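Enquirer:
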Amino acid sequence: MQGTVDGFTYGLVTPVAAFLMAALGAALGLRCTTRSLHATRSCRVGWLALGSLSIGSGVWTMHFVAMTGFTVQETPISYDKPLTFAGLAVAVVMIGIGIFIVGYRGATRMALITGGTITGLGIASMHYLGMAGMRMAARFAYDTPLVVLSVLIAGCAATGALWAAVTLRGALSGLGASVLMAVAVTGMHYTGMAALDVHLHLPPTLPSDLSAVLPGDRPAEMIGPMLVGPGCFLLLAAVVLLFDPGAVTGEPGRAPRPRDHRDHPVPRARRRPRNDPHARDRRPRSTVREGAGRARYR
């Protein structure tokens, strides 16, 4: 039996809220990536780790905010908690690999393509792992061309967002990169959901307690973990604004330049006026050469 799938149970509320969560995580994560390019080597790892945690948490939170609007009319839905949080770990690790490549290699073509591809695969892996964590009396089937398209959307948009973050400067460019990353996440999500078909295999008679049929956590029980992501965003944004406001405004401080002897030129000797009668007598001895019968000055 074919299930009746509705991805917009609450209208535009869940898509808009999901997009905003993805944009918030991307804004903080991409700004941290940009900041790492101007940080000292010892601080760069911290900035990149903060960026990967922010983007990964944003992707994960966006997914489950959007999934609150996903229903199958004929059957209730529950979630497997280990697989749900495994999706968060996969997203953070793979996105971290992608932005670490860009953070250490810079805005080279190969670094952006490699980092953007890995970041896009991390977004896609989180989505389909989260879908695998759904529990219902049904079997999932996916339309392969749409699945491939969803992965391409994630990879291309993530590459463009990383390029904009490390190449362009200014608040508007940072906002544009964040929006592009949010488009990558939400576009990938809803394209992947469009590829889904649900084939029901319900028992002839349903018991009064559906927990016997659908083990796992109910959507209401997932609200607490879902709020962890936005809470982390707010905390991280507050810390960044408090200790390094330039990382958000688009004017990150540059790492101090190594100092060498050219930073401290030898001061020149003070010149005495030409009409000073003692000027010739006070010249350095190294300028005097003994000539034939008298001293000469160079």
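Residue numbers for the sequence shown follow our numbering, beginning at 1344 and rising by one.
Using N, Cα and C, we set each Cβ at its ideal position, and we do this for glycine too.
Since we're looking at a predicted model, the values are computed, not measured.
1. Between the Cα of A1392 and those of G1473, T1352, V1445 and F1428, spot the shortest distance and give me the residue it belongs to.
2. Do the segment 1482 to 1493 and the segment 1364 to 1378 make contact, defined as three or more Cβ pairs closer than 8 Å?
3. Report back the beta-carbon spacing between I1466 and V1528 to the nearest angstrom; my notes put them in contact at under 8 Å.
4. Tell me which same chain residues have a C-beta within less than 8 Å of the C-beta of L1431, skipping the five on either side of it?
5. Are A1500 and V1541 close, meaning C-beta to C-beta below 9 Å?
6. So, do the segment 1402 to 1419 and the segment 1379 to 1392 have three or more beta carbon pairs nearer to each other than 8 Å?
7. May I ask you to report which of helix, strand or coil DSSP gives F1443?
8. Out of curiosity, what's the CA-to-CA distance linking M1474 and V1435?
9. On the three-state DSSP scale, how would you describe L1543?
10. For A1598, which three-state DSSP category applies?
11. Tell me the start and end of each unbroken beta strand (DSSP E) in the segment 1478 to 1551 that is at least 3 residues and wholly inside, in chain order.
12. Going by beta carbon distance, what residues of the same chain come within less than 6 Å of V1348, once the five residues before and after it are set aside?
13. V1522: which of A1508, T1534 and R1512 sits nearest, CA to CA?
14. Tell me, please, whether the CB atom of V1526 is closer than 9 Å to any CB atom in chain C?
15. So who's on the other strand from V1408, going by DSSP bridges?
16. What do you get for Y1471, buried or exposed, if any count of 16 or more other CB atoms within 10 angstroms of its CB means buried?
17. Mapping the DSSP letters down to three states, classify Y1422 as helix, strand or coil.
18. Cβ of G1399 versus every heavy atom of the ligand MN: is any distance shorter than 8 Å?
19. Between L1464 and A1504, is the Cβ-Cβ spacing less than 9 Å?
20. For the candidate residues G1449, G1476 and R1374, whose alpha-carbon lies nearest to that of A1429?
21. Measuring straight from C-alpha to C-alpha, what distance separates L1511 and M1536?
22. Which word fits P1558, buried or exposed, when buried means at least 16 other C-beta atoms lie within 10 angstroms of its C-beta?
23. Would G1458 and I1440 qualify as a contact pair, given that the criterion is a beta-carbon distance under 9 Å?
24. Return the first residue and the last residue of the alpha helix (DSSP H) that V1451 is part of.
25. Pick from F1483, L1578 and L1518: whose alpha carbon is nearest that of Q1345?
26. Do you know whose CA, among L1373, R1448 and S1421, lies nearest M1479's CA?
27. Does the Cβ-Cβ distance between A1524 and G1372 come in under 9 Å?
28. Around the C-beta of V1582, are 16 or more other C-beta atoms found within 10 angstroms, so that it is buried, or is it exposed?
29. Count the other C-beta atoms from every protein chain shown that fall within 10 angstroms of the C-beta of T1352, then say buried if there are 16 or more, exposed otherwise.
Expert: Reading it off the structure:
1. V1445
2. no
3. 6 Å
4. G1399, S1400, W1403 and M1469
5. no
6. no
7. helix
8. 17 Å
9. strand
10. Annotation note: pLDDT 43 at A1598 (below 50); position unreliable, no value reported.
11. 1481 to 1485 and 1539 to 1543
12. V1415 and V1541
13. A1508
14. Given the protein chain composition of this structure (a single chain), no chain C is represented.
15. According to DSSP, V1408 bridges with nothing at all.
16. buried
17. strand
18. As for the ligand MN, it is missing from this structure, which has no ligand bound.
19. no
20. G1476
21. 33 Å
22. With a pLDDT of only 49 at P1558, under the threshold of 50, the placement of this residue in the model should not be trusted; the figure read from the coordinates follows. By the 10 Å Cβ count, P1558 comes out exposed.
23. yes
24. At residue 1451 the sequence reads Thr, which differs from the Val that was named. It is not in any alpha helix (DSSP H) - T1451 carries neither H nor E in the DSSP assignment.
25. F1483
26. S1421
27. One point to set straight first is that residue 1524 is Met, not Ala, in the sequence displayed. Result yes, Cβ atoms of M1524 and G1372 sit closer than 9 Å.
28. exposed
29. exposed
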